[in-house]
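Reading through the structure tokens given below for one structure.
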Amino acid sequence: MGVVLYAPALALNAVTGFDLWGAVLAMGLVCTLYTALGGLKAVIWTDVFQTVVMFAGQLAVIVVGASQAGGIAEVWKKAINGSRIAGLDLNPDPLERHTFWTLGVGGVFLMLALYGVNQAQVQRYLSSRTEKEAIMSCYVVFPCQQVVLCLGCLMGLVMFARYGEDSPLEKGYVKTNDQMVLYFVMDVFRDLPGLPGLFVACLFSGALSTISSAFNSLATVTMEDLIKPYFPNMTEAKATLLSKGLALVYGLVCLAMAYLASLMGSVLQAAFSIFGMVGGPLLGLFCLGMFFPWANSIGAVVGLVAGLAMAFWIGIGSFVMRMSSTSLVPTLNATVPPLFDNMTTTVMTGLATATTAKPRPTGVEALYSLSYMWYSAHNSTTVVVVGLIVSLLTGPMKEKELTPGTVFPVLGTLLFFLPERYREKLCCITPLTQKPKEISTQPYQMAKKDSSGATYCKEDAVTKDKETESDKAQTDDDDLETRMALPYCQLSSHTVQETAL
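Counting from 1, position 283 in the sequence shown corresponds to residue 283 in full-length UniProt numbering; the numbering is continuous, with no gaps.
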């Protein structure tokens with residue numbers, strides 16, 4: 001939240017000269033009031049409108065900027081000549097900032113942490129009317145996200161084609177790389193009144209919407225999971241007042257986080273790094289509980305603590321390594337120990353770019369140099385491994401203690417080559433029954449998995465057998481009552497017929 005609060009204030013400072021921390025403070029206070037007065041439905045519909053406007057704003061900047069730079073073909077040509085475009089990089093080195101494996105594997109874990117276990121996203125899934133709508137929202141968001149990223153990259157290429165090596169950053173017009181976009185927008189739209197203000201308004205509205213959703217989620221989770229269990233008799237009026245107070249407290253904490261975000265370099269990289277540091281262990285905790293039936297509570301707690309400790313150790317170590325280094329705009333995959341990765345030193349000289357390779361880090365420095373895209377995968381794996389080891393040492397969860405429908409036996413699917421008796425030991429393999437087409441997700445009701453890809457624990461089968469036996473016993477009792485109501489002659493006839501059968 002600190003990064004989201006800091007980014008638009010930084011942009012406003014670049015284009016208007018408005019005091020940076022004055023803008024941060026104003027946004028924080030406005031957002032706190034916005035959270036107290038607004039609701040989730042208003043936030044979602046505001047997001048929809050803002051998304052359309054931001055898409056339009058990006059396209060307008062790209063079209064006008066490319067036109068002034070000589071067209072898309074000229075933009076692409078300058079980008080290739082300036083080493084801003086590269087082919088498929090299959091380098092498996094995890095210290096390299098962006099490669100096929102870094103984005104294709106590490107990025108998957110990052111997106112799972114962001115869209116799978118992030119409370120602000122889960123809150124939106126649970127607000128859907130049906131499970132089908134919640135799943136459809138996931139299918140829609142991923143292609144839209146790729147479009148946003150592509151438009152952002154294309155905007156960067158247009159900026160490079162317009163300014164080349166004559167960067168406003170080198171001339172001192174802006175102080176950081178994150179201010180370049182707003183400077184470019186003001187430059188491109190200087191003869192079109194109103195459009196620069198619209199773009200700045202989009203940035204602020206998007207930031208306010210994101211932060212208000214986070215405040216609402218934090219206050220709700222704190223009330224429902226940490227306060228109400230200990231104060232079950234609290235009245236709704238007191239709960240509402242306390243919830244608003246919690247939102248205010250989280251707003252003040254967010255202001256402090258904005259200051260820390262200002263020290264972390266690139267805003268986008270800082271945001272992804274923080275999601276990897278915090279979301280990675282949370283993703284590992286959910287995976288531990290969902291996929292491994294023998295994981296117990298002790299293993300989950302110890303694994304989560306180990307994952308968070310590892311995450312902040314690497315993150316803080318990388319931040320400390322960066323403090324003594326500064327950098328201009330790097331070439332593709334060429335960075336000076338910036339946050340969370342250091343591979344090469346870039347020296348800008350006139351129109352030429354000379355890149356001097358640094359020795360490969362070893363030992364702890366190599367761990368600190370891990371690409372920020374691997375953070376989520378590394379930290380979630382730490383939680384799962386440590387959690388499983390501790391669970392096995394302290395006594396694994398027994399099958400009869402499991403709640404039916406809460407474990408997805410992935411090991412039974414992955415280890416299909418093992419005999420069935422061994423797979424039963426690792427995980428239950430009893431198939432699920434077919435679910436209805438529409439299952440409501442409100443309020444906080446977990447829909448069961450599809451029968452094509454999920455399975456129950458064996459306890460489900462036992463429960464189902466008990467229900468079948470109960471139904472059979474009830475049928476027998478009803479039949480006995482019917483017989484007792486019959487005359488004696490008819491009862492004898494029934495008895496003879498049953499004996500014959």
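Here a beta-carbon is modelled for each residue, glycine too, at the ideal position from N, C-alpha and C.
Owing to the predicted nature of the structure, the values given are computational and were not obtained by experimental measurement.
Quick check on residue i - is its C-beta less than 8 Å from some C-beta in chain D?
| i | result |
| --- | --- |
| residue 248 | You won't find chain D in this structure, because it holds only one protein chain. |
Measure the alpha-carbon distance for residue i versus residue j and round it to whole angstroms.
| i | j | result |
| --- | --- | --- |
| residue 380 | residue 306 | 10 Å |
| residue 127 | residue 137 | 11 Å |
| residue 106 | residue 320 | 23 Å |
| residue 150 | residue 398 | 48 Å |
| residue 77 | residue 4 | 34 Å |
| residue 30 | residue 408 | 43 Å |
| residue 259 | residue 84 | 31 Å |
| residue 182 | residue 19 | 16 Å |
| residue 22 | residue 152 | 28 Å |
| residue 75 | residue 377 | 35 Å |
| residue 505 | residue 169 | Because the chain here runs from 1 to 501, residue 505 falls outside it and cannot be looked at. |
| residue 200 | residue 237 | 38 Å |
| residue 224 | residue 6 | 29 Å |
| residue 125 | residue 44 | 12 Å |
| residue 304 | residue 315 | 16 Å |
| residue 247 | residue 26 | 16 Å |
| residue 88 | residue 80 | 14 Å |
| residue 172 | residue 180 | 11 Å |
| residue 367 | residue 196 | 42 Å |
| residue 52 | residue 211 | 19 Å |
| residue 110 | residue 365 | 23 Å |
| residue 28 | residue 313 | 29 Å |
| residue 233 | residue 123 | 25 Å |
| residue 300 | residue 288 | 7 Å |
| residue 32 | residue 216 | 10 Å |
| residue 12 | residue 167 | 19 Å |
| residue 24 | residue 54 | 21 Å |
| residue 444 | residue 402 | Below a pLDDT of 50, predicted positions are generally treated as unreliable, and residue 444, at 40, falls in that range; the measurement from the model is reported next regardless. Between residue 444 and residue 402, the C-alpha separation is close to 20 Å. |
| residue 92 | residue 387 | 27 Å |
| residue 119 | residue 134 | 14 Å |
| residue 375 | residue 113 | 11 Å |
| residue 318 | residue 369 | 7 Å |
| residue 8 | residue 279 | 23 Å |
| residue 17 | residue 10 | 10 Å |
| residue 257 | residue 250 | 10 Å |
| residue 285 | residue 115 | 15 Å |
| residue 155 | residue 254 | 30 Å |
| residue 50 | residue 62 | 18 Å |
Quick one: give me the first and last residue of the alpha helix (DSSP H) that residue i is part of.
| i | result |
| --- | --- |
| residue 379 | 375–394 |
| residue 171 | 168–171 |
| residue 116 | 107–116 |
| residue 409 | Element bounds for residue 409: n/a, residue is neither H nor E. |
| residue 366 | 364–368 |
| residue 285 | 280–291 |
| residue 183 | 180–188 |
Any chance the CB of residue i is under 7 Å from a heavy atom of the ligand ATP?
| i | result |
| --- | --- |
| residue 79 | The ligand ATP is not part of the structure shown, which contains no ligands of any sort. |
Worksheet item: At which residue ranges does the segment 19–86 contain complete alpha helix (DSSP H) runs of 4 or more residues, listed in the order of the chain?
Response: 20–37, 40–69, 72–81
Practice prompt. Output the residue ranges of the alpha helix (DSSP H) runs that lie fully inside the segment 218–246 and measure 4 residues or longer, sorted by chain position.
Written response: none
Discussion item. Pairs of beta-carbons, one from the segment 88–102 and one from the segment 175–194, closer than 8 Å: are there three or more?
Written reply: no
Item to complete: Please determine if the segment 415–422 and the segment 146–160 are in contact, where contact requires at least 3 C-beta pairs separated by less than 8 Å.
Response: no
Fill in: Segment contact, 8 Å Cβ cut-off, at least three pairs: the segment 239–258 with the segment 213–223
Result yes; three or more Cβ-Cβ pairs closer than 8 Å.
Worksheet item: Any contact of the segment 159–167 with the segment 68–76, i.e. 3+ C-beta pairs under 8 Å?
Response: Yes, since at least three Cβ pairs between the segment 159–167 and the segment 68–76 fall closer than 8 Å, the two stretches touch.
Worksheet item: Below 8 Å, can you find three or more Cβ-Cβ pairs linking the segment 389–397 to the segment 279–298?
Response: At 8 Å Cβ cutoff, the stretches touch.
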